[in-house]
Every structure is written in structure tokens, then in C-alpha cells.
Amino acid sequence: MRFAVSLLIFVSFAVVAVKYIEQLNFGDLMNRVEEVYGKRAVTRTQDWLAFLKDHDDSSEWQKINKVNHFFNKHIEYKTDEALWGKKDYWANPIETLGRGMGDCEDYAIAKYFSLISLGVPEDKIRLMYVRQLTVNEPHMVLIYFESPGDVPFVLDNFNHKVLAATKRRDLKPIYSFNGQGLWLAKAKGLGKKVKNSRGVSAWNKMLERIEQGELNTLETNLSEASYAKLN
């Protein structure tokens, strides 16, 4: 896989993402995953890395669909309260894979990391907050632009099929963001970029945890493992 090359090419969040994926190759991390989350978590993490390697040369459209399918299939929906004992917690992919569960933010974040590591340009994908009109609740999805100015496609854990945003009339866009900035939503899922915005606080906290080192994150989780450890 092109981890080393990607590390030199991507900037901002993309650098963090590739560095993050690169860390997952170390045996001591896998040992820690097993210690915190159990043997099945190691299998899920290894399956993810194998999946990324297998699809490294796939077309961009294949990557979008395969990544969407992978996490929708392997991760069970669970609220932050039930999973982490917190009202709002944005898990990074290893935490989501470790538990085998996550909420809508965790699905979107895991898909984002995966696509960045597979070489999809950062300016083509954003996390988007929406209102899910079917259940009248806030929700998060990942959106993908084939070309600048195009109507984006939606990667979602609520509706598993990748569809153009214009076909998702059950979603009302609010704002979107990635490592490059924050956009206020308007028609067709596009929007005006908010200047000098640092984005979303929970997003920034998650990035800080990653920058501090995944092993440190797992050490913290180890102390909380009595709450919800999965074997």
C-alpha cells in the first residue's frame, strides 16, 4: 500500500489520516487492541487493513461503494450513551472497529479515513450534518463529489445505497466539513465556506487524540474498559 508516498502527498487532515493508518501496522498496537477490545477486534482491524490493501488499485467509484458497504456491513449501530457512556463522542476508526459498533458520526469518520488512505482527494469528500426527516433527528453522512460543482453522492448508514444528494429527499443538509474547512449548506449539498473556522470541536478533539498517538488513546480506553469491553 502507498502509505509512505501518501504521507508526502496529502496535507492537513489527510496527513493525519495516513499517519493514523500507518500506525495500525505495528504489532504492539494489535496487542493493545486485543487487550482493550478482545480477539474479535483484532480480526476486524486486520480485515479492514486487508480490505484497504485489496482495493488500493480500484477505481474511485469502486472505492466509494466498497468502503460504504464495508462499514455498513461490519459495524453495528449503537448510540454514544450506550457505547461510551457519553452524550457525544466521536470515535476514530480503531475505536469503532474495536467495539464493532458506532453511531452515525463514527460510520462517516471511518469511511472518511478509509477513502483518504485509498488516495481519494480530500477536497472530494466531506462529512455533512443533516436532519434525517424520516425520523426527524440530526444525522451525519459522508458526501463525495465526482467533480467540483457536481451534485454530491451520499454515503450513509441509514440508507445503505450510494445515491445522489438530489435523490435523498429524506435529508436536509445543515453544514459540511473536512480537514480543509467548514461549509454552511445550501441547495444540492454545496455551500459557502466559513472563513477562519476551525470546524467542529468534537472533530478537533478526535484529531488531537490521533496526533497524540493511537497507543495513548487505547491506554485511556483501557482504564475505561470495565464500562463496555467487548470480547
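Just so you know, we're using this note's numbering here: the sequence shown kicks off at 77 and counts up by one. Ideal Cβ positions, reconstructed from N, Cα and C, are used throughout, including at glycine. Predicted, not measured: the structure shown is a model, and the values here were computed from it.
Determine, using beta carbons only, whether residue i and residue j come nearer to each other than 9 Å.
i    : j    : result
N233 : F147 : yes
L218 : K248 : no
L173 : I140 : no
N254 : I201 : yes
E136 : V196 : yes
Would you tell me roughly how many angstroms separate the C-alpha atoms of residue i and residue j, rounded to the nearest one?
i    : j    : result
A240 : E222 : 11 Å
L231 : E213 : 17 Å
T121 : T210 : 33 Å
H236 : R108 : 32 Å
D179 : D156 : 7 Å
M106 : D123 : 12 Å
K327 : K142 : Any property of residue 327 remains undetermined from this structure, which presents the chain solely from 77 to 307.
R245 : D199 : 24 Å
A184 : M204 : 9 Å
S252 : E111 : 36 Å
I151 : Q138 : 20 Å
L194 : D132 : 6 Å
Q208 : D182 : 16 Å
F189 : P169 : 7 Å
H215 : E171 : 20 Å
I250 : V238 : 19 Å
Excluding the 5 residues preceding and the 5 following residue i in the sequence, name in chain order all residues of the same chain whose CB lies nearer than 6 Å to its CB.
i    : result
S134 : none
Y165 : D156
M177 : E152, K154 and L159
T242 : V227
K115 : none
Ends of the alpha helix (DSSP H) at residue i?
i    : result
R120 : K115 to D130
P331 : As shown, the chain starts at 77 and ends at 307. That puts residue 331 outside it, with no answer to give.
G174 : P169 to R175
E136 : E136 to H150
D226 : Where D226 is concerned, there is no enclosing alpha helix (DSSP H), given that its DSSP letter is neither H nor E.
E198 : Note, E198: premise wrong, no alpha helix (DSSP H); not H, not E.
A186 : C180 to S193
W160 : D156 to W160
From the DSSP secondary-structure annotation, give me the bridge partner or partners of residue i.
i    : result
M216 : Y205
L105 : L105 is not bridged to any residue.
Please work out which residues of its chain come closer than 7 Å, Cβ to Cβ, to residue i, disregarding the five sequence neighbours upstream and downstream, and give them in chain order.
i    : result
K149 : none
Y220 : I140, K200, I201, P228, F229 and L231
Starting from residue i and walking both ways along the beta strand (DSSP E), at which residues does that stretch end?
i   : result
V46 : Because the chain is modelled from 77 through 307, residue 46 falls outside the range shown and cannot be assessed.
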